[in-house]
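Here is the structure we will look at, set down as structure tokens.
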């Protein structure tokens, strides 16, 4: 019995030895496989790193090349000066399309006038010539004094109104660069006849607009030589738009829902403003309520001036309001404030700088009469040679009579 057990123990020992050897061999094979896998991964990482480094070096080299090219282009542009017809730099390679533009073609296309005077053609024009051209080609829409007719744009006045609820934006009060006026008038005016003005006519019109805005004297002549010397009133009034950085973020948050109006109502219609074609609408909506003007019966019965004539004169005076003020609180503007003219000494309004011919008349003691005022309104420069009043005169005698009646009605 014991002999059999001994044999059994030996068999078990041999089996255990074989199993141990097998496990050891398998463990060694697994370790070697794992090491091989790790080595392969390390090699792959090193290869990827080398490729990334090469790509980074290539990108850096390309960036350096582009920077060098940009510097060369900037240097070439600086050395080219202010030429408006210099050809664009030739880029290596092409798509096989088109051809290089001729200098004549570039000059024909590049018609912008820049604030520093680039693009201005040679030419000149004075205030007097500008008034004649303006009256002939522009006054039908903008008025003889650039005051605007109907709803056409006003081109003069409006100073210090840009912060108001209803600002008056004109060439004088709003535009920061004189080149804007010259370029727009040259290319887009007169309305319906764009491109018909000569350079000299354009210079003259711009000179007249400067005079209408009380920015130059009546003997001023504008040319390509002194163009950049004109300082616009609102030249420092424009700022860089910083709303994307300061405001847009606020608009993307929860909207404010306080102090909102309870309802919406129509307060005015465009048809009443005369900016849309006529249409059939309720007259009670489109026409503002007006009270009948009081009639001074006593004055009429006493042989006074016809109120209708005074009203006509008040309407005619609208063309004078750009330069002259009347009534309580009237102040000197481009022209003197007008107070009780009939019977007053010529050139006697306090604080106004008159031209030489008015100063001479004042020194001589000349007085405004209905006749002398009528003659002056009909032909200012003919009666008072050298006057700074840039106005061709009133052609209609009935209108002159109405204007004088209106001025007389104002009293002191």
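Residue numbers (UniProt numbering): 1 to 412.
C-beta: ideal position from N, C-alpha, C; glycine also.
Per-residue DSSP class, three states only, for residue i
i, result
"residue 235", "coil"
"residue 124", "strand"
"residue 228", "helix"
"residue 188", "helix"
"residue 355", "coil"
"residue 222", "strand"
"residue 168", "coil"
"residue 369", "coil"
"residue 180", "helix"
"residue 161", "coil"
"residue 401", "helix"
"residue 36", "helix"
"residue 134", "helix"
"residue 261", "coil"
"residue 414", "Residue 414 lies beyond the stretch modelled for the chain, which goes from 1 to 412, so this question has no answer here."
"residue 324", "coil"
"residue 66", "helix"
"residue 129", "helix"
"residue 110", "coil"
"residue 336", "coil"
"residue 203", "helix"
"residue 99", "coil"
"residue 41", "helix"
"residue 155", "coil"
"residue 115", "coil"
"residue 318", "helix"
"residue 381", "helix"
"residue 193", "coil"
"residue 146", "coil"
"residue 243", "helix"
Residue of the options minimising C-alpha distance to residue i
i, options, result
"residue 403", "315, 372, 352", "315"
"residue 132", "392, 401, 410", "392"
"residue 121", "182, 263, 134, 208", "182"
"residue 389", "212, 238, 148, 123", "212"
"residue 398", "355, 95, 308", "308"
"residue 238", "210, 337, 177, 329", "177"
"residue 113", "203, 262, 344, 236", "203"
"residue 187", "229, 332, 104, 108", "108"
"residue 378", "364, 179, 395", "395"
"residue 407", "338, 218, 345", "338"
"residue 319", "262, 135, 331", "135"
"residue 405", "58, 317, 215, 335", "317"
"residue 414", "372, 386, 350, 373", "A query on residue 414 cannot be resolved here, the shown segment of the chain reaching from 1 to 412 and no further."
"residue 356", "261, 242, 218, 323", "218"
"residue 200", "312, 225, 215", "225"
"residue 159", "215, 50, 70, 140", "215"
Residue i burial status per 10 Å Cβ neighbour count (16 or more: buried)
i, result
"residue 145", "buried"
"residue 310", "buried"
"residue 175", "buried"
"residue 347", "buried"
"residue 327", "exposed"
"residue 205", "buried"
"residue 170", "buried"
"residue 191", "exposed"
"residue 39", "exposed"
"residue 368", "buried"
"residue 137", "buried"
"residue 290", "In this prediction, residue 290 scores a pLDDT of 47, lower than 50, which makes its location untrustworthy; no coordinate-derived value is stated."
"residue 329", "exposed"
"residue 265", "exposed"
"residue 268", "exposed"
"residue 256", "exposed"
"residue 37", "exposed"
"residue 45", "exposed"
"residue 167", "exposed"
"residue 153", "exposed"
Paired residues, beta bridge with residue i - DSSP
i, result
"residue 252", "Answer is none; residue 252 lacks a bridge partner."
"residue 409", "BP columns for residue 409 are empty, so no partner."
"residue 309", "Residue 309 is not bridged to any residue."
"residue 345", "367"
Integer Cβ distance of residue i from residue j, believed to fall under 8 Å
i, j, result
"residue 342", "residue 370", "6 Å"
"residue 157", "residue 172", "7 Å"
"residue 416", "residue 126", "Residue 416 lies beyond the residue range present for the chain, which begins at 1 and ends at 412; the question has no answer from this structure."
"residue 130", "residue 208", "3 Å"
"residue 147", "residue 321", "7 Å"
"residue 409", "residue 240", "Contact doesn't hold; Cβ gap of about 52 Å is too wide."
"residue 358", "residue 384", "7 Å"
"residue 179", "residue 244", "27 Å between Cβ atoms; not a contact."
"residue 222", "residue 124", "7 Å"
"residue 331", "residue 323", "At roughly 12 Å, the Cβ-Cβ gap does not stay under 8 Å, so residue 331 and residue 323 are not in contact."
Neighbour flag for residue i against chain B, beta carbons, 8 Å
i, result
"residue 103", "Structure shown: chain B not included; a single protein chain is present."
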